[in-house]
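All remarks here apply to the structure that follows.
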Amino acid sequence: MKFLRKIFSKLLSNFFQGILYVVPLGLTIYIISITFLFINDLTNEWTKFLFGFEIPGMGVIITFFIITLAGMLGGTYVSSQVMNLVNKTISKIPVISSVYSAIKDVLSAFVGKGKKFSNPVSFKVSKDSELQLLGFITQYDLSKLGIEGGKVSIYMPDAYAMMGNVIIVPQEYVTALSCSSSEAMKFILSGGLTDIIEKDKDKE
Numbered sequence: 047m048k049f050l051r052k053i054f055s056k057l058l059s060n061f062f063q064g065i066l067y068v069v070p071l072g073l074t075i076y077i078i079s080i081t082f083l084f085i086n087d088l089t090n091e092w093t094k095f096l097f098g099f100e101i102p103g104m105g106v107i108i109t110f111f112i113i114t115l116a117g118m119l120g121g122t123y124v125s126s127q128v129m130n131l132v133n134k135t136i137s138k139i140p141v142i143s144s145v146y147s148a149i150k151d152v153l154s155a156f157v158g159k160g161k162k163f164s165n166p167v168s169f170k171v172s173k174d175s176e177l178q179l180l181g182f183i184t185q186y187d188l189s190k191l192g193i194e195g196g197k198v199s200i201y202m203p204d205a206y207a208m209m210g211n212v213i214i215v216p217q218e219y220v221t222a223l224s225c226s227s228s229e230a231m232k233f234i235l236s237g238g239l240t241d242i243i244e245k246d247k248d249k250e
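In our numbering, the protein residues as written are 47 to 250.
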């Protein structure tokens, strides 16, 4: 009985861990899909009414501009107040708050003004180690965690997945990479199979 309870507890733990991985991506795709289908149907009706025929691709274009416009308006005072209200409301809902927070943190880490994965580095875990790992510096100041001594936190993504580990190492063990953050991310996620485009070539 104790063994079965342990297995059930492990399965339940993995299930909720899976939710945190799957739901943010699935929810994002679902919302974009619903938005696109609604706008596409509406656009087709209007173009058919005005011109007598449908214009393929109009739904995609309009959806793109609506999402872009939402991003532009996101920095205004009114939008900030609305988002603060939404964040406060969602933060009070169990489980949903964790999922929403995961979506927001992951997306803001890749895009927008608060991008976190902008410092690709190679690093080693000990002074005499010949093994080098690749990742992105996410925090330079870890004093709030009670970690002192010039250490930094590094996110190390797994290949072929959007999962990874956070490694804390002395800053002296870290070396900045000569490629852009997007090239470094592609290289890591592909398991080292993709070709690297250096920064200066990328600007040409």
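The beta carbon of each residue, even a glycine, is placed where N, CA and C say it ideally should be.
A quick note: this is a predicted structure, and the numbers were derived from the prediction, not measured.
Classification of residue i by the beta-carbon crowding that lies within 10 angstroms, buried from 16 upward
i: residue 249; result: Caution is warranted here: a pLDDT of 44 is assigned to residue 249, below 50, making its placement in the model unreliable, and no coordinate value can be reported.
i: residue 247; result: Summary for residue 247: the model assigns pLDDT 44, below 50, so the residue's position carries little reliability, and this model does not support an answer.
i: residue 197; result: buried
i: residue 234; result: buried
i: residue 135; result: exposed
i: residue 240; result: exposed
i: residue 212; result: exposed
i: residue 269; result: Residue 269 lies beyond the stretch modelled for the chain, which goes from 47 to 250, so this question has no answer here.
i: residue 238; result: exposed
i: residue 105; result: buried
Spatially closest choice to residue i from the options, by CA coordinates
i: residue 223; options: 177, 100 and 168; result: 168
i: residue 220; options: 55, 184, 83 and 189; result: 184
i: residue 200; options: 179, 134, 107 and 189; result: 179
i: residue 111; options: 52, 55 and 82; result: 82
i: residue 226; options: 103, 164 and 80; result: 164
i: residue 216; options: 228, 209, 188 and 230; result: 188
i: residue 214; options: 79, 237 and 186; result: 186
i: residue 116; options: 137, 88, 139 and 78; result: 78
i: residue 205; options: 86, 236, 138 and 190; result: 236
Pairwise C-alpha distance: residue j and residue i
i: residue 73; j: residue 113; result: 16 Å
i: residue 166; j: residue 192; result: 25 Å
i: residue 48; j: residue 57; result: 14 Å
i: residue 182; j: residue 76; result: 29 Å
i: residue 109; j: residue 96; result: 20 Å
i: residue 177; j: residue 100; result: 58 Å
i: residue 218; j: residue 195; result: 11 Å
i: residue 102; j: residue 50; result: 56 Å
i: residue 232; j: residue 94; result: 42 Å
i: residue 172; j: residue 203; result: 20 Å
i: residue 80; j: residue 174; result: 54 Å
i: residue 52; j: residue 130; result: 41 Å
i: residue 308; j: residue 210; result: Nothing in the structure corresponds to residue 308, since the chain is present only between 47 and 250.
i: residue 86; j: residue 118; result: 22 Å
i: residue 170; j: residue 139; result: 41 Å
i: residue 107; j: residue 84; result: 13 Å
i: residue 228; j: residue 190; result: 29 Å
Residue(s) in a DSSP beta bridge with residue i
i: residue 186; result: DSSP lists no partner for residue 186.
i: residue 166; result: 182
i: residue 197; result: 216
Residue i beta carbon near the ligand GTP (any heavy atom closer than 6 Å)
i: residue 130; result: Because no ligand of any kind appears in the structure shown, any question about the ligand GTP cannot be addressed here.
Legend entry - alpha helix (DSSP H) runs contained entirely in the segment 203 to 232, provided each spans 4 or more residues: none
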